[in-house]
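**Student:** Which chain is which? The protein sequence lines are D and W, in order.
Residue numbers are given in the numbering used here: position 329 of the first sequence equals residue 329, and the series is strictly consecutive.
Heads up: take any position in the second sequence, counting from 1, add 430, and you land on the numbering used here.
C-beta: ideal position from N, C-alpha, C; glycine also.
Questions regarding the structure given below will be posed in turn.
Number of protein chains: 2
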Amino acid sequence: MKPYIEMTNDELNAELQNLRAQYKKVQAKGMRLDMSRGKPSQEQLDLSMEMMNVLDSSSDLTCEDGTDCRNYGQLTGIIEARELLGDMMENNPKDIIIYGNSSLNVMFDTISRCWTHGVMGYTPWCKLPEVKFLCPVPGYDRHFKITEFFGINMIPVPMTPTGPDMDIVEKLVAEDDAIKGIWCVPKYSNPQGISYSDETVRRFARLKPAAPDFRIFWDNAYGMHHLYDDHQDYLIEILAECKRAGNPDLVYKFASTSKITFPGSGIAALATSPNNMEDFITYLKHQTIGHDKVNQLRHVRFFKDIHGIVEHMRKHADIIRPKFEAVENILEEDLGGLQVGTWTKPLGGYFIMFDSLPGCAKDIVARAKKAGVVITPAGATWPYGKDPNDSNIRIAPTFPALEELESALRVFTLCVRISSIKKILADREA
Amino acid sequence: MKPYIEMTNDELNAELQNLRAQYKKVQAKGMRLDMSRGKPSQEQLDLSMEMMNVLDSSSDLTCEDGTDCRNYGQLTGIIEARELLGDMMENNPKDIIIYGNSSLNVMFDTISRCWTHGVMGYTPWCKLPEVKFLCPVPGYDRHFKITEFFGINMIPVPMTPTGPDMDIVEKLVAEDDAIKGIWCVPKYSNPQGISYSDETVRRFARLKPAAPDFRIFWDNAYGMHHLYDDHQDYLIEILAECKRAGNPDLVYKFASTSKITFPGSGIAALATSPNNMEDFITYLKHQTIGHDKVNQLRHVRFFKDIHGIVEHMRKHADIIRPKFEAVENILEEDLGGLQVGTWTKPLGGYFIMFDSLPGCAKDIVARAKKAGVVITPAGATWPYGKDPNDSNIRIAPTFPALEELESALRVFTLCVRISSIKKILADREA
Numbered sequence: 001m002k003p004y005i006e007m008t009n010d011e012l013n014a015e016l017q018n019l020r021a022q023y024k025k026v027q028a029k030g031m032r033l034d035m036s037r038g039k040p041s042q043e044q045l046d047l048s049m050e051m052m053n054v055l056d057s058s059s060d061l062t063c064e065d066g067t068d069c070r071n072y073g074q075l076t077g078i079i080e081a082r083e084l085l086g087d088m089m090e091n092n093p094k095d096i097i098i099y100g101n102s103s104l105n106v107m108f109d110t111i112s113r114c115w116t117h118g119v120m121g122y123t124p125w126c127k128l129p130e131v132k133f134l135c136p137v138p139g140y141d142r143h144f145k146i147t148e149f150f151g152i153n154m155i156p157v158p159m160t161p162t163g164p165d166m167d168i169v170e171k172l173v174a175e176d177d178a179i180k181g182i183w184c185v186p187k188y189s190n191p192q193g194i195s196y197s198d199e200t201v202r203r204f205a206r207l208k209p210a211a212p213d214f215r216i217f218w219d220n221a222y223g224m225h226h227l228y229d230d231h232q233d234y235l236i237e238i239l240a241e242c243k244r245a246g247n248p249d250l251v252y253k254f255a256s257t258s259k260i261t262f263p264g265s266g267i268a269a270l271a272t273s274p275n276n277m278e279d280f281i282t283y284l285k286h287q288t289i290g291h292d293k294v295n296q297l298r299h300v301r302f303f304k305d306i307h308g309i310v311e312h313m314r315k316h317a318d319i320i321r322p323k324f325e326a327v328e329n330i331l332e333e334d335l336g337g338l339q340v341g342t343w344t345k346p347l348g349g350y351f352i353m354f355d356s357l358p359g360c361a362k363d364i365v366a367r368a369k370k371a372g373v374v375i376t377p378a379g380a381t382w383p384y385g386k387d388p389n390d391s392n393i394r395i396a397p398t399f400p401a402l403e404e405l406e407s408a409l410r411v412f413t414l415c416v417r418i419s420s421i422k423k424i425l426a427d428r429e430a
Numbered sequence: 431m432k433p434y435i436e437m438t439n440d441e442l443n444a445e446l447q448n449l450r451a452q453y454k455k456v457q458a459k460g461m462r463l464d465m466s467r468g469k470p471s472q473e474q475l476d477l478s479m480e481m482m483n484v485l486d487s488s489s490d491l492t493c494e495d496g497t498d499c500r501n502y503g504q505l506t507g508i509i510e511a512r513e514l515l516g517d518m519m520e521n522n523p524k525d526i527i528i529y530g531n532s533s534l535n536v537m538f539d540t541i542s543r544c545w546t547h548g549v550m551g552y553t554p555w556c557k558l559p560e561v562k563f564l565c566p567v568p569g570y571d572r573h574f575k576i577t578e579f580f581g582i583n584m585i586p587v588p589m590t591p592t593g594p595d596m597d598i599v600e601k602l603v604a605e606d607d608a609i610k611g612i613w614c615v616p617k618y619s620n621p622q623g624i625s626y627s628d629e630t631v632r633r634f635a636r637l638k639p640a641a642p643d644f645r646i647f648w649d650n651a652y653g654m655h656h657l658y659d660d661h662q663d664y665l666i667e668i669l670a671e672c673k674r675a676g677n678p679d680l681v682y683k684f685a686s687t688s689k690i691t692f693p694g695s696g697i698a699a700l701a702t703s704p705n706n707m708e709d710f711i712t713y714l715k716h717q718t719i720g721h722d723k724v725n726q727l728r729h730v731r732f733f734k735d736i737h738g739i740v741e742h743m744r745k746h747a748d749i750i751r752p753k754f755e756a757v758e759n760i761l762e763e764d765l766g767g768l769q770v771g772t773w774t775k776p777l778g779g780y781f782i783m784f785d786s787l788p789g790c791a792k793d794i795v796a797r798a799k800k801a802g803v804v805i806t807p808a809g810a811t812w813p814y815g816k817d818p819n820d821s822n823i824r825i826a827p828t829f830p831a832l833e834e835l836e837s838a839l840r841v842f843t844l845c846v847r848i849s850s851i852k853k854i855l856a857d858r859e860a
């Protein structure tokens, strides 16, 4: 089929009539499918059920250093968990704090700490007339919601295939000392699934922000989440690079086992410089007597070491790879050559990003919903939920079963085609 | 033996010489004993080891309402955990949020939320020229550390045998709208081990604070922690009383299973009014996708219902009751009639409070330390660590083995006697 834009109005109207008939049939099926959130499927969760067996009433819950995991103490986490997450994050266990069940929580608390107490002795952000954050777009909605909640002024920075546009990032942070941070998902990014290039990471490590309390919020949520054994993205380790660049305190790096074991019942971690670490601990020692060490021990005894995590992630990949490939195949089959959208083909992570013709995303999502298919709200990938092009849509393929996912995708492509034709016809009229 | 204060200087000096000889012998033993923190003993922790068996790889981790506990979701906790903690806290499950592993963390976050976002639409506390908190003294050091960390001006209010001096509390909160809260441990209080009387609770529920965003921080940490079956303190349920008094939004109530199962690996909960709940959820939904539901389910399946908790707490009581009684017996044996101090005889909780002669507490604690016995630092029970009388000492009997505890107590009473004589002699010289 030729591109819609090259069709005559008559051709488009004929196509539209045909598509509408299909849509009616789909609606009649009364489907209820959800592609909205990056959740693992039940099959993936089953991979970690053995973790429920590693501790029982006969287990010795004592750590290597003699700590009884069942009692208070060990504010920064048990040493064996710091070592395991250290290997996972490519950081020295000394530079790691193990937190509770969610890295999002750690990020929120970090913004909150900067707000109430400031960074390394600088003015608390709540005392400043304005605080700004750079937000690479499209990006992760929950990041943006945190900064929005604190009234932080979010400035969108365009993403490129190699990461945020670093010319813009460098210029903005050098000029404006109200800019205090930037949100980054550097590997298999949310929603694109792309990874920052070596040059991007090097330029991040060499930023010269006007604000001495500027920090990079480096959310390495998908560091272990490859889809392929032989074809993987590599990411330069940012803390080491910052150290080499003479900028050791520039980064807060976050990770968790949420999509490795059980979302909500995993363990989260922070890696950062000794100076930043001191800041975090000052806060932490007032906030809690310690996190859940029994769950830390459970994770360590389950995985044993980093090789255990790698093998485990291979099993995840075997489950979700067919889903990613199904999405890409259907998009290609149904939309290839129509010039009504572009999409990413990630090698890992949890998402595929789709860009429709400008002005179509909301309509597509609404149309899909009416046919029983829930997609992440259009706009969610932008600060304040406002996508100026109304074109960006995040597809989350992991949760539905393969067959359901395929059905949902067929509905999605149908909606894309209907919306696109209507948009082209409307543009021609205008 | 007659009271020290009635002895002549010669009698006191003779006694002092005798006590010093004993102290030297004790020092020579090179003991290392810790009575400083309210931690359960290993024997107590062993009571919950069966909890490690209730979930295994063959378990169905699905909740009553169909929620898969292994995945994201259920921000306010699983319904069966809200019901169990509801029974424990004497509140409607609807008024309860289940949090993570620590109620201290929930209290910290609550202060932080008030600081950054304010209470129910009122000005965030960080925007106010001054924020004050009432601190019943002696009280819990970690409460005071939180408010100190936020730069909140802490005003001590004397504790009486029936709770905080309510005449003072009523007067202060009515007069000064900078007073935004009060810390309370209403049952088996830390460090006294006393419980608020019916009248005290009723007066709390009927407070008329000048500040509309004043809240009572009601930390019911020891609600289930009785020492005796037949002789227990009763506490009026504060939320219900506030409702009856027409003050439904006045209280934030906190609890956890920290000293019921494993400290640091339990579950925490908040109970409050629907209006307050909305405030908490607005914050929470940005802060996290949800707490650890697998651990919530583990607790529910272990206890089954509130009767399970009651039976379990009986076993705790059987272990710690002899320790409390040993402390009381030794204090009576060694110090009874000397008029060198007073102490509480709680029916539950984790602490016994000792009050020395004014000006002796620091000296007693330092002296004990030199003989190998660690006691909570003198002053810790006061805001800013400053006890104006230098008399208050918190004794935590639960962690050491009974025999060790007895040895430690003997050292303690020896130090009390030495310090007291030195103080009396010095006062007479002055």
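Anyone know if the C-beta pair for residue 323(D) and residue 414(D) falls short of 8 Å?
**Tutor:** In this structure, residue 414(D) does not lie closer than 8 Å to residue 323(D) by Cβ.
**Student:** What is the residue span of the beta strand (DSSP E) that residue 584(W) lies within?
**Tutor:** Here the beta strand (DSSP E) through residue 584(W) covers 583-590.
**Student:** Between which two residues does the beta strand (DSSP E) harbouring residue 392(D) extend?
**Tutor:** 392-395 is the extent of the beta strand (DSSP E) around residue 392(D).
**Student:** Does the structure place the region 503-513 of chain W close enough to the region 766-774 of chain W that three or more beta carbon pairs sit under 8 Å?
**Tutor:** Contact between the region 766-774 of chain W and the region 503-513 of chain W is absent, because fewer than three Cβ pairs lie under 8 Å.
**Student:** What does the Cβ neighbour count give for residue 597(W), buried or exposed, with the cut at 16 atoms within 10 Å?
**Tutor:** Exposed, since its Cβ has fewer than 16 Cβ neighbours within 10 Å.
**Student:** Have a look at residue 731(W) and residue 511(W) and give me their C-alpha separation to the nearest angstrom.
**Tutor:** Rounded to whole angstroms, residue 731(W) to residue 511(W) spans 10 Å at the Cα level.
**Student:** Please decide whether residue 684(W) counts as near chain D, where near means a Cβ-Cβ distance under 8 Å.
**Tutor:** So no, residue 684(W) is outside the interface.
**Student:** Report the rounded CA-to-CA distance for residue 462(W) versus residue 830(W), giving the unit in angstroms.
**Tutor:** Each residue's alpha carbon lies about 11 Å from the other.
**Student:** Let me check understanding here. Comparing Cα to Cα, which of 115(D), 71(D) and 190(D) lies closest to residue 353(D)?
**Tutor:** The shortest C-alpha separation from residue 353(D) is found at 190(D).
**Student:** Measuring alpha carbon to alpha carbon, tell me which residue in 257(D), 182(D) and 152(D) is nearest residue 502(W).
**Tutor:** Among 257(D), 182(D) and 152(D), the Cα nearest to that of residue 502(W) is on 257(D).
**Student:** Measuring only the C-alpha atoms, how far is residue 494(W) from residue 725(W)?
**Tutor:** Cα to Cα, the separation comes out at about 15 Å.
**Student:** Report yes if the C-beta distance between residue 68(D) and residue 132(D) is below 8 Å; otherwise report no.
**Tutor:** Contact: no.
**Student:** Give every residue of the same chain whose Cβ lies closer than 8 Å to the Cβ of residue 640(W), excluding the five residues on either side of it in the sequence, and list them in chain order.
**Tutor:** Answer for residue 640(W): 603, 604, 605, 606, 607 and 609, listed in chain order.
**Student:** List the residues of chain D that residue 849(W) touches, going by C-beta distances under 7 Å, in chain order.
**Tutor:** Within 7 Å Cβ-Cβ: nothing; residue 849(W) doesn't reach chain D, min ~30 Å.
**Student:** Grouping DSSP H, G and I as helix and E and B as strand, with all else coil, what is residue 81(D)?
**Tutor:** Three-state result, residue 81(D): helix.
**Student:** Which residues, in order along the region 258-275 of chain D, keep a beta-carbon less than 7 Å from a beta-carbon of chain W?
**Tutor:** From the region 258-275 of chain D, only 262, 263, 264 and 265 have a Cβ closer than 7 Å to chain W.
**Student:** Just to check my reading of the structure: residue 618(W) and residue 663(W) have Cβ atoms closer than 8 Å, yes? What is that Cβ distance to the nearest angstrom?
**Tutor:** Confirmed, about 7 Å.
**Student:** At the level of alpha carbons, what is the spacing between residue 523(W) and residue 704(W)?
**Tutor:** Between residue 523(W) and residue 704(W), the C-alpha separation is close to 12 Å.
**Student:** Does the beta carbon of residue 53(D) sit closer than 8 Å to a beta carbon anywhere in chain W?
**Tutor:** So yes, residue 53(D) belongs to the interface.
**Student:** Does the beta carbon of residue 36(D) sit closer than 8 Å to a beta carbon anywhere in chain W?
**Tutor:** Not closer than 8 Å to any Cβ of chain W, the Cβ of residue 36(D) fails to qualify, so no.
**Student:** Output, in chain order, the set of chain D residues within a Cβ distance shorter than 7 Å of residue 479(W).
**Tutor:** Ordered by position in chain D, the residues that pass the 7 Å Cβ test against residue 479(W) are 57.
**Student:** Check the C-beta distance from residue 192(D) over to residue 138(D) and give it rounded, since I have them as a contact under 8 Å.
**Tutor:** The pair is a contact, with the Cβ atoms about 7 Å apart (cut-off 8 Å).
**Student:** Pairs of beta-carbons, one from the region 480-494 of chain W and one from the region 239-250 of chain D, closer than 8 Å: are there three or more?
**Tutor:** No: fewer than three Cβ pairs fall under 8 Å.
**Student:** Give me the chain W residues within the contact set of residue 126(D), using Cβ-Cβ distance strictly less than 7 Å, ordered along the chain.
**Tutor:** Result: 546 and 556.
**Student:** Go ahead and label residue 423(D) buried or exposed: buried means 16 or more other beta carbons lie within 10 angstroms of its beta carbon, across all protein chains shown.
**Tutor:** The residue is buried, with at least 16 neighbouring Cβ atoms inside 10 Å.
**Student:** Quick check: what's the CA-CA separation for residue 39(D) versus residue 375(D)?
**Tutor:** Straight-line Cα distance between these residues: approximately 13 Å.
**Student:** Considering only C-alpha positions, which residue in the set 717(W), 822(W), 450(W) and 839(W) is nearest to residue 789(W)?
**Tutor:** The shortest C-alpha separation from residue 789(W) is found at 822(W).
**Student:** What span of residues does the alpha helix (DSSP H) with residue 285(D) cover, start to end?
**Tutor:** Where residue 285(D) is concerned, the enclosing alpha helix (DSSP H) stretches over 274-287.
**Student:** So residue 378(W) and residue 460(W) are supposed to be a Cβ contact under 8 Å. How far apart are they, rounded?
**Tutor:** What the structure shows of chain W is the stretch from 431 to 860, and residue 378(W) is not part of that stretch, so it cannot be assessed.
**Student:** Go through its chain and collect everything with a Cβ distance to residue 158(D)'s Cβ below 6 Å, but skip five positions before and after it.
**Tutor:** Within the same chain, residue 158(D) has close Cβ partners 165.
**Student:** Looking at the structure shown, is residue 594(W) part of a helix, part of a strand, or coil, going by DSSP?
**Tutor:** Looking at residue 594(W) - three-state DSSP - the assignment turns out to be strand.
**Student:** Run through chain D and tell me which residues come within less than 7 Å of residue 530(W), C-beta to C-beta.
**Tutor:** By Cβ distance, chain D contributes 100 and 101.
**Student:** Between which residues of its own chain and residue 285(D) is the CB-CB distance below 8 Å, once the five residues before and five after are set aside?
**Tutor:** Contacts found: 75.
**Student:** Only counting runs of 3 or more residues, tell me where the beta strand (DSSP E) segments fall wholly within the region 802-848 of chain W, in order along the chain.
**Tutor:** Listed in chain order, the complete beta strand (DSSP E) runs (minimum 3 residues) inside the region 802-848 of chain W are 803-805 and 822-825.
**Student:** State the DSSP-derived secondary structure class of residue 421(D), mapped to helix, strand or coil.
**Tutor:** Note: residue 421(D) maps to helix in three-state DSSP.
**Student:** Pick out whichever of 701(W), 683(W) and 458(W) has its Cα sitting closest to the Cα of residue 647(W).
**Tutor:** Checking every option, the nearest Cα to that of residue 647(W) belongs to 683(W).
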